[in-house]
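A short write-up of the structure that comes next.
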Amino acid sequence: MQPRLEIEFLRDDPAKIWVKACNESFAGETEQYINAQVLEKLAEQLSSFPQSNSDEVTFKVGDVGSPNGHCEFKFHCFDSAGHTAVLVSLSNDCASIAKFTVQFEALSLDVFISAIKLALKSGSGVSDLIGIKPYTQNV
2 MQPRLEIEFL
12 RDDPAKIWVK
22 ACNESFAGET
32 EQYINAQVLE
42 KLAEQLSSFP
52 QSNSDEVTFK
62 VGDVGSPNGH
72 CEFKFHCFDS
82 AGHTAVLVSL
92 SNDCASIAKF
102 TVQFEALSLD
112 VFISAIKLAL
122 KSGSGVSDLI
132 GIKPYTQNV
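Residue numbers (the numbering used here): 2 to 140.
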């Protein structure tokens, strides 16, 4: 499996996102109703990410343990070299939760942000954050 985070957006009444994500070992998906401004805020915050190795951007919809599921992302740097990853937590109900990390590079993040902005402008679209295989620390 190619590591990735995919958000499909549809501006309807109410707006909705479908989220699919996977790394080499785990996968999960969920469907959530959102306020489109929440997605706009995510794109805005990610546009300047990371400003430092301690920088984090968090996106959360729903609550863990909710019968309607949840979606939570925490974008962060995982080492002093500034390598980036997103911690993904997804569920469709209170019984099943997927929680894992997807590492990614700056170019993929730029494409992801542009796709979110385009989806918001056009009223629908799919935004893909293409991940990479985890770095090894064999020095």
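Note that CB positions come from ideal geometry on N, CA and C, so glycine has one too.
Unbroken beta strand (DSSP E) runs of no fewer than 3 residues, entirely contained in the region 7–36, are found at 16–23, 28–35, following chain order.
Of the other Cβ atoms in all chains shown, fewer than 16 fall within 10 Å of the Cβ of A107; this residue is therefore exposed. Judged by their CB atoms, Q46 and C72 are not nearer to each other than the 8 angstroms cut-off. Under the three-state reduction of DSSP, A86 is assigned to strand. By the beta-carbon neighbour count (other beta carbons within 10 angstroms, threshold 16), N24 is buried. When DSSP states are grouped into helix, strand and coil, K134 belongs to the coil group. Around the beta-carbon of P4, 16 or more other beta-carbon atoms lie within 10 Å, marking it buried.
Contact between the region 101–118 and the region 126–135 is present: three or more C-beta pairs spanning the two stretches fall below 8 angstroms.
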